[in-house]
Structure formats: structure tokens, C-alpha cells
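Those letters in the sequence shown? Residues 2 to 290, per the numbering used here, in order.
Ideal placement from N, C-alpha and C gives every residue a C-beta, glycine not left out.
Read the structure below first, then the notes.
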Amino acid sequence: MRILTFDIEDWFHIIQKYPDDILDRWGNYEVRIHNGMDRIFKILDEKDIRATFFILGYIARKHPEIVKRIHDLGYEVAAHSDMHKPAYRQGREEYKQDLTACINSLENITGEKVLSYRAPGFSIKKQNVWAFEVLNELGIKNDASIFPAIRDHGGFDDFAESRPAIIKYNGIYIKEFPMSVNSFFGKKFAVTGGGYFRFFPYRFMRKTIQNADYTMTYFHPRDFDPKQPMMNGLSLERKFKSYYNLSKSYTKLNQMVYDFNFIDMREANSLIDWDSAPVVDLSHYSDNK
Ligand SMILES: [Zn+2]
2 MRILTFDIED
12 WFHIIQKYPD
22 DILDRWGNYE
32 VRIHNGMDRI
42 FKILDEKDIR
52 ATFFILGYIA
62 RKHPEIVKRI
72 HDLGYEVAAH
82 SDMHKPAYRQ
92 GREEYKQDLT
102 ACINSLENIT
112 GEKVLSYRAP
122 GFSIKKQNVW
132 AFEVLNELGI
142 KNDASIFPAI
152 RDHGGFDDFA
162 ESRPAIIKYN
172 GIYIKEFPMS
182 VNSFFGKKFA
192 VTGGGYFRFF
202 PYRFMRKTIQ
212 NADYTMTYFH
222 PRDFDPKQPM
232 MNGLSLERKF
242 KSYYNLSKSY
252 TKLNQMVYDF
262 NFIDMREANS
272 LIDWDSAPVV
282 DLSHYSDNK
């Protein structure tokens with residue numbers, strides 16, 4: 002099973018500090034999201050495939066036409082938080098308010114209940130598993146926030162599964178579609194999204210996908226916009242991870258969807274035999290508030 006997903010945000014929504022005037026700062030940046038969106042829409046149309054779109058509430062309010070187009074084309078509209086603040090940097094109330102604002106902004110446009118979610122930067126970790134209770138309260142049934150490896154701004158290294166599973170937490174159940182990771186040289190990496198997607202040559206990615214039963218992906222409009230400016234104040238490592246090989250990523254995405262069949266999370270959900278899916282009980286982390 003191979004699932005295609007996009008996190009819909011602009012080039013400046015890379016995780017960094019969140020000063021009080023963040024909205025003014027964002028408002029001063031050039032809007033570039035359409036460059037990447039046009040290429041994403043083109044590929045899906047040409048290959049006649051569907052994808053799940055995790056969209057910021059911020060983007061829904063600034064560019065409602067993007068959400069409308071995604072929905073009108075029959076693709077899944079899903080939530081990616083309102084302001085792209087890492088979940089683990091928020092208290093429970095703040096987190097709930099932020100996600101509620103996102104969901105409301107999306108539902109106001111589509112008229113349909115949002116059922117799927119991915120935290121910004123895969124930011125549900127051991128320390129904030131209570132987030133699953135909030136997801137449940139807000140009607141989210143399918144989550145894609147778990148990155149079962151070590152990662153800069155998120156990551157749940159000891160999460161037991163790298164395939165669809167049912168998360169059990171204090172009496173609630175949520176279907177989890179974790180990021181797919183592969184082990185190389187004793188370390189776990191994801192090659193179908195982010196910096197490693199750009200870094201590794203396509204033939205390496207193809208082999209990885211071929212050998213896997215389950216592949217999850219995450220791409221952004223900015224991944225396909227090689228002319229975007231470089232964000233100020235990033236470390237050398239962040240710069241490398243965020244911008245290296247940008248010019249090649251659209252070709253790679255094209256090759257990937259040409260070589261393999263991809264589906265969206267809704268279809269994956271209907272194909273999975275959930276009765277025999279692994280159950281991951283996270284209740285023992287519940288002391289972490
Ligand atoms: Zn994001």
C-alpha cells in the first residue's frame with residue numbers, strides 16, 4: 002500500500018520561533034504557494050490519482066480557492082494545524098484552540114467534516130500523547146502524525162509500528178498512518194518526504210518503495226518551487242535539509258507516481274483490514290501532561 006499526501010503551507014512555514022508578531026511577519030513574505038500547487042495539481046490530473054492534503058487553517062483563510070479546488074477535484078481535505086506550531090510546544094488548551102480554528106476554516110469551505118490530521122513537523126511525541134484525546138474530541142478519526150524515528154522537530158522513536166495501526170490511549174482509539182521509515186546502517190530514515198527525498202537519488206528511492214509493503218509520503222508545495230527565497234536565520238544544516246536538490250524534486254515525484262500506484266488515505270482506510278491491524282497502546286505515557 003502506497004499513500005500520497007501533501008502538507009499544504011507556504012515556503013515560509015518552516016518550523017522556527019513563533020514571536021507575537023508572527024502574522025505580520027508572514028504577511029510580509031512573498032506568496033509562492035501557487036507555484037508548487039499548480040505542479041501538484043498537474044501531476045495528479047495527468048496520472049489520474051488522488052491524494053490527501055493536510056492543510057493549514059492559515060492557508061484556508063488566505064487562499065480559500067486552494068481548499069475549494071482540492072475539494073472540488075475529489076481529493077481529501079485534512080487538517081495540519083492552524084498556525085504550524087509544533088504540538089509539543091503547546092499546552093492542551095492552546096493546542097485544542099489552534100486545531101479547532103483549522104478544522105472550522107476548512108469545514109466552512111467544504112461543508113464536510115474533517116476526519117484526517119497530521120501534526121506540523123510530526124510533532125506528536127511521547128511527551129504529548131494527550132494530543133490523541135484532543136483529536137478524538139474534535140472528531141479526527143485518522144492520524145498521520147507519528148514519525149517512528151528520531152527527527153529534528155518531532156519523532157516518536159520507540160513507536161512500535163511503521164505501518165497502519167490502531168492507537169489506543171486512555172480508552173480512545175484512533176487509526177494511525179505513520180510515516181514509513183527504513184533502516185540503513187542501523188539508523189531509521191524516511192526517504193519518501195523531506196530532506197532525504199531530495200538528497201537520495203531516485204533509483205535508491207525506487208528500490209526502497211519496491212521492497213516495502215507500506216509507503217507513506219509527505220511533500221509540500223515548496224518542495225516543487227526551486228526558485229523560492231531562502232529563509233533567513235537558519236543553521237547550515239537546516240539550509241541544507243530544506244533547500245538541497247530542490248530543482249530535481251518535481252522530476253522525482255513524476256517518476257515515483259509513474260512507477261508505482263498511489264492512493265489517498267481515505268481509500269487506504271477502506272482497504273485496510275483494521276480487525277487484524279496491530280494495536281499500539283500508548284496509555285502508559287498518560288502521566289505526561
Ligand atoms: Zn507542515
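List the whole-angstrom C-beta distance separating residue i from residue j, where the pair is believed to meet the contact cut-off of C-beta under 8 Å.
| i | j | result |
| --- | --- | --- |
| Val182 | Ser163 | 5 Å |
| Phe225 | Ile67 | 14 Å between Cβ atoms; not a contact. |
| Arg119 | Phe55 | 4 Å |
| Ile167 | Asp144 | The pair is not a contact, with the Cβ atoms about 11 Å apart (cut-off 8 Å). |
| Tyr96 | Val130 | Contact doesn't hold; Cβ gap of about 12 Å is too wide. |
| Cys103 | Ala132 | 14 Å between Cβ atoms; not a contact. |
Give a yes or no on whether the C-beta atoms belonging to residue i and residue j are separated by under 8 Å.
| i | j | result |
| --- | --- | --- |
| Ile125 | Ala161 | no |
| Thr116 | Ile141 | Sequence check: residue 116 is Leu here, not Thr. Taking 8 Å as the Cβ cut-off, Leu116 and Ile141 qualify as a contacting pair. |
| Ile23 | Pro222 | no |
| Glu177 | Ile147 | yes |
| Met257 | Glu77 | no |
| Leu57 | Thr101 | no |
| Ile44 | Phe263 | no |
| Arg204 | Tyr245 | no |
| Lys169 | Asp282 | yes |
Measuring alpha carbon to alpha carbon, tell me which of the options ends up nearest residue i.
| i | options | result |
| --- | --- | --- |
| Lys249 | Leu24, Gly196, Gly156 | Gly196 |
| Gly28 | Gly37, His35, His14, Arg40 | His14 |
| Lys63 | Glu134, Val135, Ile110 | Ile110 |
| Ile239 | Gln17, Met2, Ile4 | The question names Ile, but residue 239 in the sequence shown is Arg. Nearest option by C-alpha distance: Gln17. |
| Arg207 | Leu254, Leu74, Ile104, Ala52 | Leu254 |
| Tyr59 | Leu247, Pro121, Pro165 | Pro121 |
| Asn137 | Met232, Asn171, Lys188 | Asn171 |
So if DSSP puts residue i in a beta bridge, which residue, or which two residues, is it bridged to?
| i | result |
| --- | --- |
| Arg267 | DSSP, once it has assigned bridges, lists no residue as partnering Arg267. |
| Phe185 | Lys188 |
| Val78 | Phe54 |
| Tyr170 | Ile173 |
| Phe374 | Because the chain in this structure spans residues 2 to 290, residue 374 falls outside the shown range and cannot be described. |
| Gly194 | Tyr219 |
| Tyr118 | Ala80, Asp144 |
| Asp282 | Lys169 |
Go ahead and pull the three-state DSSP assignment for residue i.
| i | result |
| --- | --- |
| Met2 | coil |
| Asn143 | strand |
| Trp275 | helix |
| Asn129 | helix |
| Ala102 | helix |
| Phe157 | coil |
| Met206 | helix |
| Leu1 | One cannot answer for residue 1 here, as it falls past the ends of the chain, which runs 2 to 290. |
| Lys43 | helix |
| Ile151 | coil |
| Phe123 | helix |
| Asn137 | helix |
| Glu31 | coil |
| Glu113 | coil |
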